[in-house]
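>
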Amino acid sequence: FTCGTSTVTYDGVTYNTVQIGDQCWLKENLRTTKYNDGTSITNVTDNATWTSTTSGAYCCYSNNTSNCTTYGALYNWYAVNTGKLCPSGWHVPSDAEWTTLTNYLSANSTYWCGSNSSYIAKSLASTTSWNSSTTTCAVGNNLSANNSTGFSALPGGIRSFSGGSFYVLGDYGYWWSSTESGGSNAWYRYLDYDNANVGRYSNSKRGGFSVRCLRD
């Protein structure tokens, strides 16, 4: 296996890989409908069911399967917490492993926009699909300058934990970590079309976010 050239096929989908620092990532958001033991992940389309479920579930943005093909699926944190969401030999990154990524980018000026070491969002964001911003160094400003890492992050939007509605496709991408933040929340990272920083926050485990896999 050579990270960056080798691919990973999982549940019928072939994913490219990318090496960033000492880490090897899948280059696309996950869109598996099964865990790595072959059991199916529940596809929840109904809003009320989505907001009440405390077991693993996934959906496509607006329940449109073409959005899963383009942006990957949205998973609740309970699916992440099974430890079986990523292909064998891969895992959903912890909060600390996400920090390893952002620290590496902040330590290498190649990945900055301008002279600010925290302006690293553009280096992770794809050159397509982001809504346009007039803010200098924001992800959505001058898309051709994005993606120096090859991470190819897309604005896949979210599904709300409170109402089950879908939001912010084209504006934001949110990615789960495997790390809890209190009993009902877990940490995630996000990119915002109108911002230059990589955001870190915690949210309800019932929310639907994108997932990236990291090699063990």
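Be aware that the sequence shown starts at 167, since it is given in my numbering, and climbs by one per residue. Glycine residues also receive a C-beta, built at the ideal position from the N, C-alpha and C atoms.
Between which two residues does the beta strand (DSSP E) holding Asp358 run?
351-358 is the span of the beta strand (DSSP E), which, as asked, contains Asp358.
> How long is the line joining the alpha carbons of Tyr270 and Asn297, rounded to whole angstroms?
If you take the alpha carbons of Tyr270 and Asn297, they lie about 27 Å apart.
> Leaving out the 5 sequence neighbours to the left and right, which residues in its chain are closer than 6 Å to Cys234 when beta-carbon positions are compared?
Contacts found: Arg197, Cys226.
> Straight-line CA distance for Asp212 to Thr173?
Their backbone Cα atoms lie some 34 Å apart in a straight line.
> Assuming contact is defined by CB atoms lying nearer than 9 Å, are Tyr354 and Phe327 in contact in what I supplied?
In this structure, Phe327 does not lie closer than 9 Å to Tyr354 by Cβ.
> Taking the Cβ atom as the reference point for each residue, do Tyr219 and Thr208 lie within a distance shorter than 9 Å?
According to the sequence provided, residue 219 is Thr. The question's Tyr does not apply to it. Cβ atoms of Thr219 and Thr208: closer than 9 Å.
> Cα separation between Ala245 and Leu357?
Cα-Cα distance, rounded: 22 Å.
> Check Cys234 in the structure and name its three-state DSSP category.
In the structure shown, Cys234 sits in a helix (DSSP, three-state: H, G or I).
> Under the three-state reduction of DSSP, which class applies to Glu194: helix, strand or coil?
It is coil, neither helix nor strand.
> With H, G and I counted as helix, E and B as strand and the rest as coil, what does DSSP make of Ser310?
DSSP places Ser310 in helix when its eight states are reduced to three.
> Please state whether the Cβ-Cβ distance between Asn361 and Ala311 is less than 9 Å.
No, Cβ-Cβ distance for Asn361 and Ala311 is not below 9 Å.
> Among the candidates Asn313, Val334, Ser314, Gly316, whose CA atom is the shortest distance from the CA of Gly322?
Among Asn313, Val334, Ser314, Gly316, the Cα nearest to that of Gly322 belongs to Val334.
> Compute the distance between the beta-carbons of Ile324 and Phe332, then report whether it is under 9 Å.
Yes; because the gap between Cβ atoms is below 9 Å, this pair is in contact.
> In whole angstroms, what is the alpha-carbon distance linking Lys193 and Thr302?
Their Cα atoms are separated by approximately 26 Å.
> In whole angstroms, what separates the C-alpha of Val184 from that of Ala304?
Between Val184 and Ala304, the C-alpha separation is close to 23 Å.
> Taking Cβ positions, are Cys169 and Asn202 nearer each other than 9 Å?
Not a contact, by the Cβ cut-off of 9 Å.
> Tell me Thr175's beta-bridge partners as DSSP assigns them.
Thr175 is bridged to Thr180.
> Starting from Tyr244, follow the alpha helix (DSSP H) in both directions and report where the run begins and ends.
243-246 is the span of the alpha helix (DSSP H), which, as asked, contains Tyr244.
> Should Asn282 be labelled buried (16 or more other beta-carbon atoms within 10 Å of its own) or exposed?
Asn282 comes out exposed.
> Assuming Tyr270 is part of the alpha helix (DSSP H), what are its boundary residues?
Per DSSP, Tyr270 belongs to the alpha helix (DSSP H) from 261-272.
> Could you pull the DSSP bridge partners for Tyr367 from this structure?
According to DSSP, which records beta bridges pairwise, Tyr367 is partnered with Tyr354.
> Considering just the uninterrupted stretch of the beta strand (DSSP E) at Trp342, what are its terminal residues?
Segment 338-346, the beta strand (DSSP E) holding Trp342.
> From Gln189 to Leu380, what does the alpha carbon distance come to, in whole angstroms?
Roughly 7 Å separates the two Cα atoms.
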